[in-house]
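Protein chains in written order, with this note's numbering: chain A, 1 to 113; chain B, 1 to 113. Heads up, the beta-carbon is just placed ideally off N, CA and C, and yes, glycines get one too. None of these values were measured; they are calculated from a predicted model.
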DNA sequence: AAAACTTGTTTGCGATCGCTTACAATAGGG
DNA sequence: CCCTATTGTAAGCGATCGCAAACAAGTTTT
């Protein structure tokens, strides 16, 4: 998956978080931010801080790689062929990034922040 | 090149900018930000806004891709094998991302912002 | 060497962020 | 249907950002 806009990352984080059975508060706790921030960020908040963004990605074990796109005629990059396939949001639930669902899902409790 | 910390992006942007013969003010102009911001960002500013960061990458034609790193035993990802090789900072000057040097370098003038 | 250019850093301030708290809306299950 | 859980949104405020302008320091060119 290619990242061009803040919403690309936000969507990706949301899909990954849900696939892992975490709610926004869970992720917020892990990142040391408020639930509000997670909600805004997932919604594509342009002004999200870079360190928090990278921390969120790290927490969800999403790796970012940078590539040179140095010629206009190769501006539409072919997805890298790799055993580690790029993330496709629609694919996440299908492939089931949810081996941790039982471990990650806390007991039902009503907690609000 | 893998992006884990703000400084990773900052270093990358600096190297790419220099390889293209742009100074900080040039890039700032293109991004619609102050030179101060570019300087801070290149220095690894944790709180840089995501939209500005992505705009900088886009302006320098650096593509970001996201990958799932979903198992601890594959936490050290092999670089994707691709005709579009990942960016290595030390490699930039050697490979010469500078075909635009003449076009991009403005006439000498003393201008400060 | 001097001049010109570029980068690094600082100050003060208006603009904006991220927070808490709370309510509205939505989703899921019995 | 009801209930619970989760997400979306808003208001007000202290904290922080990004700015312009300027100077210091470093680098490159003449």
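| message | Determine whether the beta carbon atoms of residue 37/A and residue 52/A lie at a separation below 9 Å. | response | To locate residue 37/A, count along the first chain from 1; it is residue 37. To locate residue 52/A, count along the first chain from 1; it is residue 52. Their beta carbons are under 9 Å apart, which means residue 37/A touches residue 52/A by this criterion.
| Is the shortest distance between the beta-carbon of residue 26/B and the beta-carbons of chain A less than 9 Å? | To locate residue 26/B, count along the second chain from 1; it is residue 26. By this cut-off, residue 26/B is not an interface position.
| So is residue 33/B in contact with chain A if we call contact Cβ pairs under 9 Å? | Residue numbering aside, residue 33/B sits at position 33 when the second chain is read from its first letter. False, the Cβ-Cβ gap to chain A never drops below 9 Å.
| In terms of residues, what are the limits of the alpha helix (DSSP H) holding residue 15/A? | Here residue 15/A refers to the residue found at position 15 of the first chain. Segment 6 to 19, the alpha helix (DSSP H) holding residue 15/A.
| Which residues bound the beta strand (DSSP E) around residue 28/B? | Residue 28/B sits at position 28 when you count from the first residue of the second chain. For residue 28/B, there is no enclosing beta strand (DSSP E); the enclosing alpha helix (DSSP H) has its first and last residue at 24 to 31.
| task | Alpha carbon to alpha carbon, how far is residue 49/B from residue 58/A? Give it in angstroms, no decimals. | result | Counting from one through the first chain, the residue named residue 58/A turns up at place 58. Counting from one through the second chain, the residue named residue 49/B turns up at place 49. As the crow flies, the alpha-carbon of residue 58/A is around 18 Å from that of residue 49/B.
| field | Pick from 30/B, 47/B, 4/B and 56/B that is closest to residue 15/B, judged by C-alpha positions | value | Counting from one through the second chain, the residue named residue 15/B turns up at place 15. With distances taken between Cα atoms, residue 15/B lies closest to 56/B.
| said: Suppose you measure from the CA of residue 74/A to the CA of residue 6/A; what does that come to, to the nearest Å? | reply: Within the first chain, numbered from 1, the residue matching residue 74/A stands at position 74. Within the first chain, numbered from 1, the residue matching residue 6/A stands at position 6. The predicted model places residue 74/A with a pLDDT of 32, which falls under 50 and marks its position as unreliable; any figure quoted below should be read in that light. Roughly 23 Å separates the two Cα atoms.
| said: On the CB-based measure, 16 or more other CB atoms within 10 Å of its CB, does residue 10/A come out buried or exposed? | reply: By one-based count along the first chain, residue 10/A stands at place 10. Per the 10 Å Cβ criterion, buried.
| said: For residue 17/A, which residues in the same chain have their Cβ closer than 6 Å to its Cβ, ignoring the five residues on either side in sequence? | reply: Looking up residue 17/A in the first chain gives position 17. Counting only residues of its own chain and dropping the five nearest sequence neighbours on each side, residue 17/A has a CB closer than 6 Å to the CB of 27.
| query | Sorted by chain position, which residues of the same chain lie with C-beta nearer than 8 Å to residue 24/A's C-beta, five sequence neighbours on each side aside? | reply | Reading the first chain from its first residue, position 24 is the one you call residue 24/A. Once the five neighbours on either side are set aside, the close Cβ partners of residue 24/A are 17, 35, 38, 39 and 42.
| request: Measure the CB-CB distance between residue 66/A and residue 2/B and report whether it falls below 9 Å. | output: Indexing the first chain from 1 puts residue 66/A at position 66. Indexing the second chain from 1 puts residue 2/B at position 2. Contact flag set, yes.
| Got a sec: is the Cβ-Cβ distance from residue 58/A to anything in chain B below 9 Å? | The residue you call residue 58/A lines up with position 58 of the first chain. Yes, its Cβ sits closer than 9 Å to a Cβ of chain B.
| task | Check the C-beta distance from residue 62/A over to residue 12/A and give it rounded, since I have them as a contact under 8 Å. | result | On the first chain, position 62 is the one that residue 62/A refers to. On the first chain, position 12 is the one that residue 12/A refers to. The pair is a contact, with the Cβ atoms about 7 Å apart (cut-off 8 Å).
| Other residues of its chain near residue 107/B: CB distance less than 7 Å, five sequence neighbours each side excluded | If you number the second chain from 1, residue 107/B lands on position 107. Caution applies to residue 107/B, whose pLDDT of 34 falls short of 50 and renders its modelled position unreliable; the value that the coordinates give is listed next. Excluding residues within five positions, none has a Cβ falling inside 7 Å.
| Per DSSP, residue 66/B is paired with what? | As a position in the second chain, residue 66/B is number 66, starting the count at 1. 64/A, per the DSSP bridge assignment.
| Euclidean distance between Cα positions of residue 47/A and residue 19/B | Reading the first chain from its first residue, position 47 is the one you call residue 47/A. Reading the second chain from its first residue, position 19 is the one you call residue 19/B. Their backbone Cα atoms lie some 28 Å apart in a straight line.
| query | Does the beta carbon of residue 4/A come closer than 9 Å to any beta carbon on chain B? | reply | Walking along the first chain from the start, residue 4/A turns up at place 4. Yes, its Cβ sits closer than 9 Å to a Cβ of chain B.
| field | Pairwise C-alpha distance: residue 64/A and residue 45/B | value | Taking the first residue of the second chain as 1, we reach residue 45/B at position 45. Taking the first residue of the first chain as 1, we reach residue 64/A at position 64. Whole-angstrom Cα-Cα distance: 18 Å.
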